[in-house]
Amino acid sequence: MASYDLFNGDADGICSLIQLRLAEPRESTLITGIKRHIRLMDRLIAEATLQPGDQITVLDVSMTKNLDALNQALAAGAEVFYADHHQTGDVPEHPLLHAHLHMAANTCTGLIVDQYLQGQYREWAIVAAYGDNMLTVADSYIKRHGMNATQRQQLHDLGIALNYNGYGESLDDLFYTPEYLYKEAVQYPSPFDFISDKPEIFNTLSEGYQADLHKGLTIAPMKQNSHLTMIALPDEPWARRISGVLGNELANRNPQIGHIILTENQASGAESLTYQVSLRSPKARMQGADEIAAKFAGGGRRAAAGIGGLMSAQLSQLWDVAAEAWKKSLLPE
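Here's what the structure looks like:
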């Protein structure tokens, strides 16, 4: 019997698996990657010959994007634990599928796993929530558990740093591979001990984040109105790393505005220029990002979503769709 752990390479995916394996230790083959590599079940099907009784854990990747491969795994007799907060599609009804799926705008996979484990490793769930920009939820747990301002800042900064490290065109853009970060962090039941024992990791990511964020904040919008801003980042490693977390930071600073962050894809010439797109719904009404992305073959969740390979000729259409959606979302109910 083989075991496989599939997880998104961002803070939420990493922290979700940390909680599970601290509570339920298991020797597993790890399958992960940069944040936007979400068809992890396809990779599993391609790389492994599944047998009845194999155990598969899938965390923080859309079931919609993995549905065909998931059905193949179930048909092969593998048992699948699936926790996620992105679009689900038609969830298979199968006795070997244990699905924990919640798409509320104020949850993330780390919080779903925390609920499943009844709060056994809640500090890691808080890190996941901060990483996924669930600030209000994370702060409520901080208050509930009596943590001080310094502890709050440490968990916040770790979540941001882990999330920041997940963005890039390839693993070469990242400071650390998600697999390496997971293996280092899972040794610690408390993230405070991880920060204390591994300062080089924490400091490298935090300093990289601050430096890249500073560059991102200096980029003037290419287009904006009263409820939407579009920013285009260059084809450079720092820009690919900061694309998603820049959107989170701008959303927090301007909660009444939706944000579109464009990053030029590598090796796309002037005649075939394409963009990686990060969408952030207005924080004041966290909805719409997933539906906008879906119109352009992208995906995600209500508050945050992404599109891969958007053609430059589609920029005007994307602007119009997002402007209309978020204008309506901000109207009084």
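In the numbering used here, the protein residues as written are 627 to 959. C-beta: ideal position from N, C-alpha, C; glycine also. Note that this is a predicted model, so its numbers are computed, not measured.
Terminal residues of the continuous beta strand (DSSP E) containing A877?
-> Position 251 of the sequence shown, counted from the start, is the residue given in the question as residue 877. Premise fails: A877 lies in the alpha helix (DSSP H), 863–879, not in any beta strand (DSSP E).
Taking DSSP as the reference, what is the three-state secondary structure of Y747?
-> Residue mapping note: residue 747 aligns to position 121 of the sequence shown, counting from 1. The answer is coil: DSSP assigns Y747 none of H, G, I, E or B.
Quick one: does the C-beta of L656 sit closer than 6 Å to a heavy atom of the ligand HEM?
-> Although the ligand HEM was asked about, the structure shown includes no ligands whatsoever.
Buried or exposed for E719, please, with buried defined as at least 16 other CB atoms from any protein chain shown within 10 angstroms of its CB.
-> To locate residue 719, count along the sequence shown from 1; it is residue 93. It counts as exposed.
DSSP state of S629 mapped onto helix, strand, coil = Start at 1 with the first residue of the sequence shown, and residue 629 comes out as number 3. Strand at S629.
Going by DSSP, what residues sit across from V684 in a beta bridge?
-> Numbered from its first residue, the sequence shown carries residue 684 at position 58. Bridge partners of V684: L632, Y708.
Whose CA, out of N634, I918, W750, lies closest to the CA of F818?
-> Looking up residue 818 in the sequence shown gives position 192. Answer by Cα proximity: W750.
L632 and T683 look like a contact to me (Cβ under 8 Å); what is the Cβ gap, rounded to whole Å?
-> Numbered from its first residue, the sequence shown carries residue 632 at position 6. Numbered from its first residue, the sequence shown carries residue 683 at position 57. Right, their Cβ atoms sit about 7 Å apart.
Rounded to whole angstroms, how far is the Cβ of A709 from the Cβ of V739, which I believe are closer than 8 Å?
-> For this step, residue 709 is matched to residue 83 along the sequence shown. For this step, residue 739 is matched to residue 113 along the sequence shown. The distance from the Cβ of A709 to that of V739 is about 6 Å, consistent with a contact at the 8 Å cut-off.
DSSP-derived helix/strand/coil call for S816 | The residue you call residue 816 lines up with position 190 of the sequence shown. Secondary structure of S816 (DSSP, three-state): coil.
Can you tell me where the alpha helix (DSSP H) with I657 in it begins and where it stops?
-> Working through the sequence shown from its first residue, we reach residue 657 at position 31. Counting along the chain, I657 falls outside any alpha helix (DSSP H), though it belongs to the beta strand (DSSP E) covering 655–657.
Where does G639 fall in DSSP's three states?
-> Your numbering for residue 639 matches position 13 in the sequence shown. G639: helix per DSSP, three-state reduction.
For L722, name the three-state secondary structure that DSSP assigns.
-> For the purposes of this step, residue 722 is taken as residue 96 along the sequence shown, with counting starting at 1. If DSSP states are grouped into helix, strand and coil, L722 belongs with coil.
Could you check what DSSP says for S703 in three-state terms: helix, strand or coil?
-> By 1-based counting over the sequence shown, the position of residue 703 is 77. For clarity, residue 703 is Gly in the given sequence; the question names Ser instead. DSSP, read as helix, strand or coil, puts G703 in coil.
In chain order, which beta strand (DSSP E) runs of at least 3 residues are fully inside the segment 879–939?
-> Within the segment 879–939, the complete beta strand (DSSP E) segments at least 3 residues long are 884–890, 900–906, 930–937, listed from N- to C-terminus.
So L859 is in the beta strand (DSSP E); what residue range does that whole segment cover?
-> One-based indexing of the sequence shown puts residue 859 at position 233. Start and end: 854–859.
Roughly how many angstroms separate the alpha carbons of I671 and A877, rounded to a whole number?
-> The count along the sequence shown starts at 1 and reaches residue 671 at position 45. The count along the sequence shown starts at 1 and reaches residue 877 at position 251. Cα to Cα, the separation comes out at about 37 Å.
Sequence-distant residues of its chain with Cβ nearer than 8 Å to W945 (five each side left out) | Stepping through the sequence shown from its first residue, residue 945 is reached at position 319. Within its own chain, the residues whose Cβ lies closer than 8 Å to the Cβ of W945, once the five positions on either side in sequence are excluded, are K849, L854, M856, I886, listed in chain order.
Take A606 and list the residues in its own chain whose beta-carbon comes closer than 8 Å to its own, dropping the five residues that flank it on each side.
-> Nothing can be reported for residue 606, as the shown portion of the chain is limited to 627 through 959.
contact_flag[the segment 633–648, the segment 787–801] where n(CB pairs < 8 Å) is 3 or more | Verdict: yes, contact present.
For K965, the three-state DSSP class (helix, strand or coil) | Because the chain here runs from 627 to 959, residue 965 falls outside it and cannot be looked at.
Three-state secondary structure (DSSP) at Q645?
-> Counted from its first residue, the sequence shown places residue 645 at position 19. Note: Q645 maps to helix in three-state DSSP.
Sufficient close CB pairs (3 or more, under 8 Å) joining the segment 756–768 to the segment 646–661 = When C-beta atoms of the segment 756–768 are compared with those of the segment 646–661, fewer than three pairs fall below 8 Å, so the two segments do not count as touching.
What is the DSSP secondary structure of Q836, reduced to helix, strand or coil?
-> Here residue 836 refers to the residue found at position 210 of the sequence shown. Assigned with DSSP and collapsed to three states, Q836 falls in helix.
Compare the C-alpha of T675 against each of N692, A704, R770 and name the closest.
-> Reading the sequence shown from its first residue, position 49 is the one you call residue 675. For T675, the closest of N692, A704, R770 by C-alpha to C-alpha distance is A704.
Run the CB neighbour count on Q744, radius 10 Å, all protein chains shown included, and call it buried at 16 or more, exposed below.
-> Taking the sequence shown and counting its residues from 1, the one referred to as residue 744 is at position 118. Q744 should be labelled exposed.
Nearest residue (CA-CA) to T733, options R866, Q698, D686 | Taking the first residue of the sequence shown as 1, we reach residue 733 at position 107. Closest by alpha carbon: D686.
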